[in-house]
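Heads up: the structure comes next, in structure tokens.
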Amino acid sequence: MSFPQVRPRRLRTTPAVRRLVAEVSLEPRQLVLPMFVRDGIDAAVPISSMPGVLQHTTDSLRAAAEEAVRAGVGGLMLFGVPDDADKDAEGSASWDPDGVLNRALRVLREDLGDATVLMADTCLDEFTDHGHCGVLDERGRVDNDATLERYALMGVAQAEAGAHMLGPSGMMDGQIGVLREALDAAGHEDVSLFAYTAKYASAFYGPFREAVGSSLEGDRRTYQQDAANRRESLRELELDLAEGADLVMVKPAMSYLDVLSDVAAASPVPVAAYQISGEYAMITAAAQNGWIDRDAAVRESLLSIRRAGADIVLSYWAVEAAQRIARGQW
Numbered sequence: 013m014s015f016p017q018v019r020p021r022r023l024r025t026t027p028a029v030r031r032l033v034a035e036v037s038l039e040p041r042q043l044v045l046p047m048f049v050r051d052g053i054d055a056a057v058p059i060s061s062m063p064g065v066l067q068h069t070t071d072s073l074r075a076a077a078e079e080a081v082r083a084g085v086g087g088l089m090l091f092g093v094p095d096d097a098d099k100d101a102e103g104s105a106s107w108d109p110d111g112v113l114n115r116a117l118r119v120l121r122e123d124l125g126d127a128t129v130l131m132a133d134t135c136l137d138e139f140t141d142h143g144h145c146g147v148l149d150e151r152g153r154v155d156n157d158a159t160l161e162r163y164a165l166m167g168v169a170q171a172e173a174g175a176h177m178l179g180p181s182g183m184m185d186g187q188i189g190v191l192r193e194a195l196d197a198a199g200h201e202d203v204s205l206f207a208y209t210a211k212y213a214s215a216f217y218g219p220f221r222e223a224v225g226s227s228l229e230g231d232r233r234t235y236q237q238d239a240a241n242r243r244e245s246l247r248e249l250e251l252d253l254a255e256g257a258d259l260v261m262v263k264p265a266m267s268y269l270d271v272l273s274d275v276a277a278a279s280p281v282p283v284a285a286y287q288i289s290g291e292y293a294m295i296t297a298a299a300q301n302g303w304i305d306r307d308a309a310v311r312e313s314l315l316s317i318r319r320a321g322a323d324i325v326l327s328y329w330a331v332e333a334a335q336r337i338a339r340g341q342w
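Offset between the sequence shown (1-based) and my numbering: plus 12.
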């Protein structure tokens with residue numbers, strides 16, 4: 013038999029060759045660790061649907077954050093979990109300087125300074141007694157413009173607490189513009205906006221709702237994007253950029269790699285993707301059942317997000333991945 017002269021397998025013969033010609037790679041600096049800090053607990057609490065992930069006390073948060081920085085992780089995204097007694101219809105604990113998230117931001121900024129990028133989830137859902145990402149009108153619908161007023165208060169409070177970046181995840185129309193205006197007016201021109209440009213109403217958020225103690229009633233389909241839509245994300249990208257977004261994000265990652273690829277191709281600013289709780293839980297559960305190779309699946313999933321165009325990946329495996337990379341295991 014005659015064979016062609018070009019044999020692609022030549023570039024797959026050894027690990028060294030494969031490493032040499034790899035089109036994308038993972039670096040610790042590209043990874044962001046989402047973290048949860050909870051009020052009213054004396055010790056870190058495991059999240060049952062996300063084995064290995066914790067709701068932190070202030071002390072355990074500080075220790076975990078320092079570990080992440082030592083591992084070289086690029087940033088930390090903080091979510092606050094208040095006591096139920098502190099939740100109300102407006103989510104007012106979100107802009108209270110003594111609220112759980114703002115206290116944690118201050119502590120970590122004091123501990124870490126500028127050694128990492130400290131990010132804050134700028135959304136009301138953890139803080140409202142109804143669990144929605146905004147305030148409700150008299151008909152029970154999320155009031156977009158009234159919500160933006162609260163986002164402005166929350167964003168300024170987070171900046172004053174020490175956040176380097178704000179991540180408004182509520183998918184309210186105009187949220188980037190309102191936050192930019194509020195931050196600049198308060199003297200926080202250097203605080204960046206990490207836009208959740210394409211955030212879809214997904215079935216894969218389930219474990220996250222346990223993680224933040226969500227009080228959600230109903231769903232978020234009137235403000236998060238429909239899974240059937242792809243082009244709509246480019247419209248959202250155009251609007252966020254016009255309003256002053258410094259970075260943009262696609263969430264979830266795994267089921268929306270096509271959207272991520274579209275956004276990455278069109279965006280002049282850095283692009284991130286969030287490997288969400290359901291993605292983490294599925295891989296973890298399948299591995300615990302012996303159905304897949306956990307470590308290989310984690311690496312492959314992260315590489316797929318990078319390959320689709322993400323400059324930055326938010327992942328609950330950020331620290332483990334960074335440590336494996338540093339040890340030369342990946």
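Ideal placement from N, C-alpha and C gives every residue a C-beta, glycine not left out.
- A check of alpha carbon separations from Val81 across Val283, Gln42, Gly64 and Pro282 identifies Gln42 as the nearest.
- In the DSSP assignment, Tyr217 falls outside any alpha helix (DSSP H) and carries neither an H nor an E.
- When the beta-carbon positions are compared, Met261 and Ala207 come within less than 8 Å of each other.
- Per DSSP, the unbroken alpha helix (DSSP H) holding Thr70 starts and ends at Thr70 to Ala83.
- Straight-line spacing of the CA atoms in Arg121 and Ala175 works out to 7 Å.
- Taken atom to atom, the span from the alpha-carbon of Pro280 to that of Asp323 is near 12 Å.
- In terms of Cα proximity to Gly87, the closest of Ala284, Thr69 and Arg318 is Ala284.
- Taking C-alpha positions only, Ala164 is separated from Ala194 by approximately 6 Å.
- Contiguous beta strand (DSSP E) elements confined to the segment 120-164 occur at 129-133, taking only those with 3 or more residues.
- When Cβ pairs closer than 8 Å are counted between the two stretches, the segment 290-298 is seen not to touch the segment 241-248, the count staying below three.
- Contact annotation: Pro40 and Val85 have beta-carbon atoms nearer than 8 Å.
- Contact check between the segment 300-312 and the segment 263-278: fewer than three CB pairs, one atom from each, fall below 8 Å, which does not count as touching.
- Less than 8 Å separates the beta-carbon of Leu117 from that of Ala132.
- For Val331, the enclosing alpha helix (DSSP H) covers residues Ala330 to Ala338.
- Cα atoms of Ala277 and Gly52: separation of roughly 44 Å, rounded to the nearest angstrom.
- Secondary-structure assignment with DSSP links Asp100 through a beta bridge to Thr140.
- Taken through DSSP and simplified to helix, strand or coil, Thr296 comes out as helix.
- Residue range Gln187 to Ala197 is occupied by the alpha helix (DSSP H) that includes Gly189.
- Assignment of Gly290 by DSSP, reduced to helix, strand and coil, places it in the helix class.
- Nearest Cα to Gln237 within the set Met183, Gly146, Arg311 and Val119: Met183.
- Around the beta carbon of Asp98, 16 or more other beta carbons sit within 10 angstroms, so the residue counts as buried.
- Closest by C-alpha distance to Arg319, out of Leu272, Gln300 and Tyr286, is Leu272.
- In this model, Tyr217 and Pro16 are separated by some 49 Å (Cα to Cα).
- Contact annotation: Met177 and Trp107 have beta-carbon atoms that are not nearer than 8 Å.
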